[in-house]
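Asker: Residue numbers (the numbering used here): 445 to 718. Beta carbons: idealized from backbone N, C-alpha and C, even for Gly. Just so we're clear, the structure is a prediction, and the values are computed from it rather than from any experiment. Just dropping this structure here.
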């Protein structure tokens, strides 16, 4: 059973998709315009079944979660809001799965809450020290709301262009238009500074105690394997990396069966903890 509800975190509303019961897994979406928690993770959540308690919020500035008054957004807000959400839900221990920007937030959260975060899956992750803003990510953040912008953005995210269907373009265009005002405040040009803000220091990564699984597409042009995932191997103590061939930036969409198998196997070791 999947439910949508709003949780108040530090006085600000956070829109959340929840499903299943069992060990809790917090699922954090990426930063593309029009991205939402349910949009990013609903298919994966459905396929994983009901044996996990999956929590997929719209992070501040995305979907139906506003940016709190007096804040601009950014890594610190997203990390603190994720921690506050789990506190509000009364969850003491949880795994975190994060895609792209969400991967950086997941790792920052694991460093900040070592007693709560039990495992991390960082997918096509941002956050590597010194990682530059790729031309593809710059273009994704700059994509204008509407069908043309949606098509261009989706074409950059995936390797197989057959996945850029008319229905996918229409759905993303609608989501982009709905969230255009909030998104415009998150990554204004020059955008390299926002990529820099999402990088994590070696000290932060060294503070991550939880086992970490990196999942990355070999042909990811948005967060390239060489600059995004490989540097993480030098900084994370308990780390493993799975690279998917013929895959761009969205493994959950491009290789759904492999992705769910990796997720289930890695998180399955967790069952005795929560």
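Closer than 8 Å by C-beta to residue 648: which residues in its own chain qualify, once you throw out the five before and the five after it? Chain order, please.
Answerer: Here residue 648 corresponds to residue number 204 of the chain shown, with the count starting at 1. Answer for residue 648: 551, 552, 555, listed in chain order.
Asker: Only counting the same chain, and skipping five residues up and downstream in sequence, which positions put a Cβ closer than 8 Å to that of residue 641?
Answerer: Numbered from its first residue, the chain shown carries residue 641 at position 197. For residue 641, where only same-chain residues beyond five positions count, the Cβ hits under 8 Å are 518, 519.
Asker: Hey, would you say residue 540 sits closer than 8 Å to residue 564, going by beta carbons?
Answerer: On the chain shown, residue 540 is found 96 positions in, with the first residue counted as 1. On the chain shown, residue 564 is found 120 positions in, with the first residue counted as 1. Yes, they are a contact pair.
Asker: Counting only the same chain and skipping the five closest in sequence on each side, list residues whose C-beta sits under 8 Å from that of residue 605.
Answerer: As a working mapping, residue 605 is identified with position 161 in the chain shown. Correct list, in chain order: 599.
Asker: Use the C-beta contact count for residue 459: other C-beta atoms within 10 angstroms, 16 or more gives buried, fewer gives exposed.
Answerer: If you number the chain shown from 1, residue 459 lands on position 15. The residue in question, residue 459, is buried, as its Cβ has 16 or more Cβ neighbours within 10 Å.
Asker: In terms of residue numbering, what span does the alpha helix (DSSP H) encompassing residue 534 cover?
Answerer: Within the chain shown, the letter at position 90 stands for residue 534. Counting along the chain, residue 534 falls outside any alpha helix (DSSP H), and DSSP gives it neither H nor E.
Asker: Given a threshold of 16 other Cβ atoms within 10 Å of its Cβ, counted over all protein chains shown, does residue 655 qualify as buried or as exposed?
Answerer: The residue you call residue 655 lines up with position 211 of the chain shown. The residue is buried, with at least 16 neighbouring Cβ atoms inside 10 Å.
Asker: What would DSSP say about residue 620, mapped onto helix, strand or coil?
Answerer: The residue labelled residue 620 in the question sits at position 176 within the chain shown. Helix.
Asker: Checking 8 Å against the spacing of the C-beta atoms, do residue 512 and residue 456 come in under that value?
Answerer: On the chain shown, residue 512 is found 68 positions in, with the first residue counted as 1. On the chain shown, residue 456 is found 12 positions in, with the first residue counted as 1. Cβ distance < 8 Å, so residue 512 and residue 456 count as in contact.
Asker: If I measure Cβ to Cβ from residue 646 and keep anything under 6 Å in the same chain, skipping five residues before and after, which residues do I get?
Answerer: Within the chain shown, the letter at position 202 stands for residue 646. The residues are 573, 679.
Asker: Would the stretch 577-585 count as touching the stretch 680-689 if we require 3 or more Cβ pairs under 8 Å?
Answerer: Cβ pair count under 8 Å is below three, so no.
Asker: Three or more C-beta pairs under 8 Å: does that hold for the stretch 619-627 against the stretch 653-673?
Answerer: Segments in contact, no.
Asker: Contact check, residue 665 vs residue 692 under 8 Å by CB: the rounded distance?
Answerer: By one-based count along the chain shown, residue 665 stands at place 221. By one-based count along the chain shown, residue 692 stands at place 248. Confirmed, Cβ separation roughly 7 Å.
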